[in-house]
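**Student:**
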Amino acid sequence: MSVTHRKDGMRVASFFSGIGGFDLGFERAGFEVVFQCEIDKFCTRILKRHWAKVPRSSDIRKLAHDEIPEAEVWVGGFPCQDVSLARMGPRAGLKGKRSGLFHEFAELIGRRCPEIVVIENVPGLLSSHGGRDFEIVIRTLAKLGYGVGWRVFNSKNFGVAQSRQRVYIVGSYRNRRRAGEILFEPECGEGDFEKGGTDGEKSVSPFKRSLGDPVKGPIVQSLAYCLYACSARHTGTDWSRTYVSYPDGRVRRLMPGECEAIQGFPKDWTVPADAEENADVLDSLRYTALGNAVTVPVVGWLAKRIAQVLLRQKLADSIKAGSSRTAVVAVS
Ligand SMILES: C[S@@+](CC[C@H](N)C(=O)[O-])C[C@H]1O[C@@H](n2cnc3c(N)ncnc32)[C@H](O)[C@@H]1O
């Protein structure tokens with residue numbers, strides 16, 4: 003399906019923008035990025051490189067609602083550290099300094115009431131404080147007037163070689179049905195559908211399937227484990243579950259460019275225009291930013307569905323208004 007349209011009515015404001023995963027996915031679906039908010043200096047350099055002219059602010063805690071340009075869609079994956087299961091230990095949840103930034107975001111949403119809100123986070127949000135944190139997110143949006151739906155998507159079902167589960171929450175202002183229409187496709191539709199299977203003796207873990215030549219090498223697993231934010235010097239075990247091996251026994255982790263690929267970003271997306279740091283430092287910054295990012299094709303899929311819903315609404319409004327002018331949309 004291809005959707006073409008004029009950009010008015012198709013504007014997106016991005017919060018906790020990181021390296022612009024949401025922004026790129028929405029842009030690919032025909033939206034115009036009109037605002038970004040990101041505190042991290044390295045991420046801001048990447049955003050500047052790709053969206054030089056887009057107005058940008060740094061700290062969401064200091065952002066006034068009237069500084070944000072008009073946009074139909076607001077998107078943001080607030081920091082996940084306090085709800086993530088990767089923390090191994092008590093989770094501060096939405097009371098934490100970082101994940102608590104959700105409340106700042108909600109405050110701004112309440113002041114401006116964009117038509118659609120999309121929030122992304124780790125699946126740990128569903129279980130943090132026995133589910134009470136997730137309830138707070140949903141209730142907060144509902145109280146602000148949003149019909150809310152959510153769904154867990156796995157990146158591996160969107161054409162990238164990474165198993166990465168993330169929960170996506172969609173809110174639609176004063177509309178109870180639309181969030182569901184956006185998130186859930188009919189049985190035969192495109193998107194995040196997994197074929198049912200059994201765990202019989204003959205089934206092979208998708209993580210055990212590898213590509214490459216065992217004699218000449220290198221060998222790489224056909225599906226990577228979920229990327230985490232970590233540094234170039236990181237010696238933990240998470241990256242070592244997804245390594246590239248050579249016939250002489252050497253192994254290495256995925257390189258930043260390979261991480262870009264399994265997150266759906268174009269090659270060298272995370273190389274700043276003004277890269278002056280040494281290779282180790284630069285790699286660390288790239289690994290961290292990529293581990294925090296959304297997978298672009300997942301967001302692109304959602305963005306396309308949001309575009310369709312908004313265009314249908316626009317068409318219905320113009321028919322209702324009895325406008326003789328044809329709406330400037332074409333959906334094929
Ligand atoms: C989970 S990451 C989002 C990544 C993003 N969705 C992407 O695709 O790259 C959360 C982001 O929130 C940013 N952040 C943390 N505190 C912030 C604040 N006070 N104001 C604005 N951004 C903040 C972090 O620097 C980080 O980039």
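Numbered per the numbering used here, the sequence shown spans residues 3 to 334.
Each residue gets a CB set at the ideal place from its N, CA and C atoms; glycine is no exception.
Being a predicted model, the structure only gives us computed values, none of them experimental.
1. Return the CA-CA distance between Tyr248 and Leu213, expressed in angstroms with no decimal places.
2. Do the CB positions of Val2 and Leu229 come within less than 8 Å of each other?
3. Please confirm whether Glu34 and Gly20 have their CB atoms less than 8 Å apart.
4. From Gln38 to Pro220, what distance separates their C-alpha atoms?
5. So what does Trp152 bridge to, in DSSP terms?
6. What first and last residue would you give for the beta strand (DSSP E) that runs through Val273?
7. Which residues mark the beginning and the end of the beta strand (DSSP E) in which Cys45 is found?
8. What did DSSP end up calling Cys261 once you bin it into helix, strand or coil?
9. Exposed or buried, Lys316, counting other C-beta atoms within 10 Å across all chains shown (16 or more means buried)?
10. Would you report the Cα separation of Val273 and Leu26, rounded to the nearest angstrom?
11. Return the bridge partner residues of Leu317 from the DSSP annotation.
12. Alpha carbon to alpha carbon, how far is Ala144 from Asn177? Give it in angstroms, no decimals.
13. By the three-class DSSP mapping on this structure, what secondary structure does Phe80 have?
14. Kindly indicate which three-state DSSP category Val14 falls into: helix, strand or coil?
15. Given a cut-off of 8 Å on the beta-carbon distance, is the pair Gly173 and Val154 in contact?
16. Tell me which same chain residues have a C-beta within less than 8 Å of the C-beta of Lys322, skipping the five on either side of it?
17. Which residue from Arg254, Leu225, Asp250 puts its Cα closest to that of Thr239?
18. So what's Ala163 in DSSP terms, helix, strand or just coil?
19. Excluding the five sequence neighbours on either side, which residues of its own chain have a C-beta within less than 6 Å of the C-beta of Ala181, listed in chain order?
20. Identify, in the order they occur along the chain, each residue of the same chain with its Cβ nearer than 8 Å to the Cβ of Val217, setting aside the five sequence neighbours on each side.
21. Could you tell me if the beta carbon of Val35 falls within a distance shorter than 7 Å of some heavy atom in ligand 2?
22. Measure the C-alpha to C-alpha separation of Ile138 and Asp42 and round it to an integer number of angstroms.
23. Cutting at 6 Å between CB atoms, please list the residues of its own chain near Thr46, excluding the five before and the five after it.
**Tutor:** The answer reads as follows:
1. Counting from one through the sequence shown, the residue named residue 248 turns up at place 246. Counting from one through the sequence shown, the residue named residue 213 turns up at place 211. Spanning the two alpha carbons is a distance of roughly 12 Å.
2. The chain is shown from 3 up to 334; residue 2 falls before or after that span and cannot be answered.
3. As a first step, residue 34 is located in the sequence shown; it is residue number 32 there, counting from the start. As a first step, residue 20 is located in the sequence shown; it is residue number 18 there, counting from the start. Taking 8 Å as the Cβ cut-off, Glu34 and Gly20 do not qualify as a contacting pair.
4. The residue you call residue 38 lines up with position 36 of the sequence shown. The residue you call residue 220 lines up with position 218 of the sequence shown. Cα-Cα distance, rounded: 40 Å.
5. For the purposes of this step, residue 152 is taken as the residue at position 150 of the sequence shown. Answer by DSSP bridge pairing, in chain order: Ile171.
6. Here residue 273 corresponds to residue number 271 of the sequence shown, with the count starting at 1. Per DSSP, Val273 belongs to no beta strand (DSSP E) and is neither H nor E.
7. Start at 1 with the first residue of the sequence shown, and residue 45 comes out as number 43. Premise fails: Cys45 lies in the alpha helix (DSSP H), 43-52, not in any beta strand (DSSP E).
8. Along the sequence shown, one-based indexing puts residue 261 at 259. Here Cys261 sits in helix by DSSP.
9. As a position in the sequence shown, residue 316 is number 314, starting the count at 1. Buried is the call here.
10. For the purposes of this step, residue 273 is taken as the residue at position 271 of the sequence shown. For the purposes of this step, residue 26 is taken as the residue at position 24 of the sequence shown. Approximately 16 Å, taken between the alpha carbons.
11. In the sequence shown, counting from the first residue as 1, residue 317 sits at position 315. Leu317 is not bridged to any residue.
12. In the sequence shown, residue 177 corresponds to position 175, counting from 1. In the sequence shown, residue 144 corresponds to position 142, counting from 1. Rounded to the nearest angstrom, the two C-alpha atoms are 10 Å apart.
13. To locate residue 80, count along the sequence shown from 1; it is residue 78. Here Phe80 sits in coil by DSSP.
14. The residue you call residue 14 lines up with position 12 of the sequence shown. Three-state DSSP puts Val14 in a strand.
15. As a working note, residue 173 is residue 171 in the sequence shown. As a working note, residue 154 is residue 152 in the sequence shown. For Gly173 and Val154, no; Cβs fall outside 8 Å.
16. On the sequence shown, position 320 is the one that residue 322 refers to. Closer than 8 Å at Cβ, skipping near neighbours: no residue.
17. Position 237 of the sequence shown holds residue 239. Residue Arg254 is the option with its Cα nearest to Thr239.
18. Start at 1 with the first residue of the sequence shown, and residue 163 comes out as number 161. Reduced to three states, the DSSP call for Ala163 is coil.
19. As a working mapping, residue 181 is identified with position 179 in the sequence shown. For Ala181, where only same-chain residues beyond five positions count, the Cβ hits under 6 Å are Gly149, Val150, Gly151, Val172, Ser174.
20. Within the sequence shown, the letter at position 215 stands for residue 217. Pro249.
21. The model on display carries ligand 1 but not ligand 2.
22. Reading the sequence shown from its first residue, position 136 is the one you call residue 138. Reading the sequence shown from its first residue, position 40 is the one you call residue 42. Distance between the alpha carbons of Ile138 and Asp42 is about 26 Å.
23. Here residue 46 refers to the residue found at position 44 when the sequence shown is read from its first residue. Counting only Cβ-Cβ distances below 6 Å, and skipping sequence neighbours, we find Glu40.
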